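When you line the sequence shown up against mature numbering (1 follows the signal peptide of the UniProt record, and there is no 0), it's residues -19 to -1, 1 to 742, in that order.
Backbone N, C-alpha and C define an ideal beta-carbon position, used for all residues, glycine too.
Since the model is a prediction, treat every value here as computed from it, not as a measurement.
Please read the structure below before turning to the comments.
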Amino acid sequence: MRLAALLAALRPVLPLVLGLSLGCSLSLLRASWSQSGGEDQCLGAAGRPGPLAGGARLEAADGGPGPGHEDFRPRIVPYYRDPNKPYKKVLRTRYIQTELGFHERLFVAVLTSKATLNTLAVAVNKTVAHHFPRLLYFTGLRSAKVPHGMMLVAHGDERPIWLMYETMHYIHQHFGSDYDWFYIMQDDTYAQAEQVKALVTHLSINQDVYLGRAEEFIGGDEQARYCHGGFGYLISRSLLLKLHPHLDSCRNEILSVRPDEWLGRCIIDFLGIACVSQLQGQHYHTYELAKNTEPEKEEEEEFQAALAVHPVSDMTLMYRLHKHFSRIQLDRAYQEIQDLQMQIRNLTSLTPAGEAGLTWPVGINAPFLPKSRFEVISWDYFTEQHLFSCPDGSPKCELSGASKADVSEIIESALEQLNSRYQPLLRFSKRQLLNGYRRFDPTRGMEYTLDLLLEAVTQKGHSHVLAKRVSLVRPLSKVEIIPMPYVTEATRVQLVLPLTVQDLDFVANFLDMFAMNTLDTHDNALLTLLFIYHPYDAQRVSQVDVFAGVKAMVGELEKRYAEVKIPWISVKTEVPSQVKLMDIVSKKHPVDTLFFLASVWTEINMEFLNRCRMNTISNWQVFFPVHFQEFNPALVYRGEQTASSSTDFLRDGHFDRHSFAEACFYNSDYMTARTKLAADILDRDEVLESMEVFDVFLHYSGLHLFRAVEPGLVQKYALRSCNPRLSEELYHRCVLSNLEGLASRSHLAMALFEQEQANST
């Protein structure tokens, strides 16, 4: 009994003991094998060391690698600088991938002609062009008119062989050092872009690859094959680099009618590489379309797996092929999602949490769990007509635009999911949306909870009205890096400062900060002052100039910095419209000027100016920073010393989202948007009084409007003067900015508490 109890107690650890014993035995046995052989077993007949088993080579007597293995052990090369040679600054490349020698994956060239440029080439551009990282069209036309959204290279010679020669030469000259793979196709070819991109990810870039649909030459060697141009073919970068020196010889020596045969013969004759349809376990599947083919009815496995389909006779067939193959890829994606969800369900039962650890939806991150009440994500309530969490802060607003489309799509999706689950037993139709809630969870996406009033109809035709609550999630999709044009920090910034009579008390501080942070540091920034005179002050300017003190300060700065000139522009108006003032400034500067529209309370610094340069891209993006507004020190500190730490600094202010006074944009972009605005309003200049520069770019330009908080743009507290002659919206925003800029809720509550205590005593 005791033995049985002992064995039962040791049974759980028995595998561990056996594993440790077996491991120790094998390690001792291996050590005895390595030490049992003497040195004489490694010596040849003449006493020279012979090769070890497996082709390994002996190391040198000092433990270092033998001959031919010097590169396997790293060496530390000490840095030595010749003191007799002048120091030369190392120029770094613009992008790190250039310095590291990285290349883009795939370049696509599409051969087109005069007859198909506006038909099949346009169809290729609308179907698969946006799936490839870089795609160019090549034609032999002279001064061809390029369709919208296409990049065309015209060689000026329509001969097929010459077009192929010029295309290969152009690809090598402009893209040979930037891409690893080059895919060449015709405009009557439909290629599955995602399949082609997946193909190149499974091929080694170190080999000379000529991959496509292999065809035999007419009357030629059976072993030599070329890639049929109608089905597209793939060429590696190494093959292109080796082929380029022989292109001129191929053009002069090889006679052919078909350009694909000419290229194939050139590669075979000078490089000895023939076209293959299979390489490194990857197959290049193609399908040849017959006349009057119906893509929707094609069920052959060869057609379903094809990377390229040829010939495509017209644009309609191209669009039908794209729809068909897109549906196939979508079905595959849904099936893969279902398989992954099933695997997750099966594996969840084996985890410590068990079935309780399974999240909904399966495969999506669990909801965010707040650690405090300040991290709770609030739900927004909505109906089919109204939204009760409005962007402008109002309690109720009409549901419109993207929000209305979002709600409609969610309701349709909920009905579709209910019918797919309960049909054919029940069929649901919507009567009314009773309640709707949504919130954005940054860990998983947008969450919805809907209370729906539904009408359920049975198979026998009986109907019943019921209320049902459903939950839906719109998960975050794949994150994509948006390509942005390259900009530098060397661009000159032109500051524009509008000044009114109410701003005179703050001009001195602005000029001091500008001189300290830009003029003393020799930053590439200039300043233009815009003096806004009231009509009454403008009439008395010869006797009393309200801006005489500012002009004197500018004169002192120009004397202190001899190379600096600060011009000013005088404007007479009762309503200082931001757009009208910008119109005056825009006409006096070149079109490539980078403007920073500032306010008198802004403290200029180099950090923000660099971000202004980097975030503003000509013909692409404008930047509207949200400045940090300090609270009223009389309410925040109440006689105490100002806090100096960074955390207290952020606590003693807020980002003023109501202000759009600061802006960074290029003059050319403003002039383009302003031209569209002028055509829209005609001669109604009073409309400009209700607009800001932000509204001009928002409604009359197709540029990206980048609006973000800017901690480097700090403004001291000041009570702004709100002009009642401006539009109601602008005046309301100004008042809100003043009210929210007084202090935080805790500071205001403490001030009221102290006041009540003082009144009670």
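Beta-ladder partner(s) of residue i, from DSSP
i, result
"W162", "L87 and S217"
"M465", "According to DSSP, which records beta bridges pairwise, M465 is partnered with nothing at all."
"Y429", "R419 and L453"
"H445", "A437"
"G193", "Y214"
"H264", "Q259"
"H367", "E379"
"P348", "Beta-bridge pairing links P348 to no other residue."
Closest Cα partner of residue i within the set the options
i, options, result
"T583", "H112, L694 and I199", "L694"
"K102", "F83, R123, Y146 and T170", "Per the sequence shown, the amino acid found at residue 102 is Ala instead of Lys. Taking only the C-alpha atoms, the option nearest A102 is T170."
"K459", "L679, G442, W143 and R425", "R425"
"G130", "D138, H136 and L117", "L117"
"S230", "H680, H639, W143 and Y429", "W143"
"V343", "Q324, E356, E721 and K352", "Q324"
"K540", "L222, A496 and F163", "A496"
"Y362", "L723, D493 and L380", "L380"
"H503", "S370, T653, V545 and M465", "V545"
"N648", "Q610, S580 and V566", "V566"
"Q366", "V556, L415 and G210", "L415"
"T108", "G335, I249, K66 and M296", "M296"
"E710", "A724, E721 and M672", "M672"
"P372", "H639, N327 and L122", "H639"
"P240", "P59, F678, Q167 and F306", "Q167"
"A395", "D564, P141, Y429 and H183", "Y429"
"P114", "D312, K126, R140 and D159", "D159"
"I463", "H685, P423, I318 and Y517", "H685"
"E242", "P141, R308, L260 and G335", "P141"
Where the beta strand (DSSP E) through residue i begins and ends
i, result
"N416", "L407 to D422"
"G634", "G634 to F636"
"C550", "A small correction: the amino acid at residue 550 is Ile; Cys does not occupy that position in the sequence shown. Element bounds for I550: W549 to K553."
"C645", "A644 to Y647"
"A506", "A506 to Y514"
"A337", "Taken as a continuous stretch (DSSP letters only), A337 belongs to no beta strand (DSSP E), as it is neither H nor E."
"C208", "R206 to C208"
"L607", "Correcting the residue type first, residue 607 is Val in the shown sequence and not Leu. First-last of the beta strand (DSSP E) with V607: Q602 to E611."
"L133", "L133 to A135"
Start-to-end residues for the alpha helix (DSSP H) that takes in residue i
i, result
"M563", "Q559 to K568"
"Q736", "R726 to S741"
"S384", "G382 to Y403"
"T170", "Taken as a continuous stretch (DSSP letters only), T170 belongs to no alpha helix (DSSP H), as it is neither H nor E."
"D229", "L228 to E234"
"Q285", "E282 to Q285"
"F687", "Here F687 belongs to no alpha helix (DSSP H); instead the beta strand (DSSP E) covers H685 to Q696."
"Y315", "M296 to T329"
Chain D contact for residue i (CB, 8 angstroms cutoff)
i, result
"E436", "In the displayed structure, chain D is absent; only one protein chain is listed."
Residues near residue i by beta carbon distance below 6 angstroms, same chain, minus five either side
i, result
"R246", "I235"
"residue 778", "Outside the displayed range of the chain (-19 to 742) lies residue 778, so it cannot be described from this structure."
"F687", "N596, Q602 and F604"
"F636", "V607, F609 and V690"
"A642", "S580"
"L434", "R412, Q413, L415 and A448"
Nonlocal neighbours in the same chain, by C-beta distance under 7 angstroms from residue i, ignoring five residues either side
i, result
"S17", "In this prediction, S17 scores a pLDDT of 47, lower than 50, which makes its location untrustworthy; no coordinate-derived value is stated."
"H112", "A174 and E175"
"Q483", "S702"
"G35", "Unreliable positioning characterises G35 in this predicted model, as indicated by a pLDDT of 34, which lies under 50. The coordinate reading is nonetheless provided below. Excluding residues within five positions, none has a Cβ falling inside 7 angstroms."
"L508", "L476, L478, F495 and I547"
8 angstroms CB neighbourhood of residue i in its chain, flanking five on each side removed
i, result
"L222", "H153 and G157"
"M587", "N498, T499, T502 and D504"
"P128", "L98, N99, A102, V103 and N106"
"N719", "L700, R701 and C703"
"I358", "F349, P351, R420, F421 and D422"
Do three or more CB pairs link the segment 297 to 313 to the segment 267 to 280 at distances below 8 angstroms?
yes
With contact counted as at least three CB pairs below 8 angstroms, one residue from each stretch, are the segment 186 to 197 and the segment 209 to 223 in contact?
yes
Is it a yes or a no for the segment 658 to 675 touching the segment 539 to 554, going by three-plus beta-carbon pairs under 8 angstroms?
no
Count Cβ pairs between the segment 440 to 459 and the segment 521 to 534 that sit closer than 8 angstroms; are there 3 or more?
no
For the segment 603 to 618 and the segment 666 to 673, state whether three or more C-beta atom pairs, one from each stretch, are separated by less than 8 angstroms.
no
Does the segment 401 to 417 come into contact with the segment 425 to 445, if we say contact requires no fewer than three beta-carbon pairs (one atom in each stretch) closer than 8 angstroms?
yes
Hey, is the segment 203 to 210 in contact with the segment 174 to 187, meaning 3+ C-beta pairs nearer than 8 angstroms?
no
How do the segment 279 to 293 and the segment 252 to 268 stand: do at least 3 beta-carbon pairs fall below 8 angstroms, yes or no?
yes
Counting beta carbon pairs with one atom in the segment 571 to 578 and one in the segment 473 to 482, are three or more of them shorter than 8 angstroms?
yes
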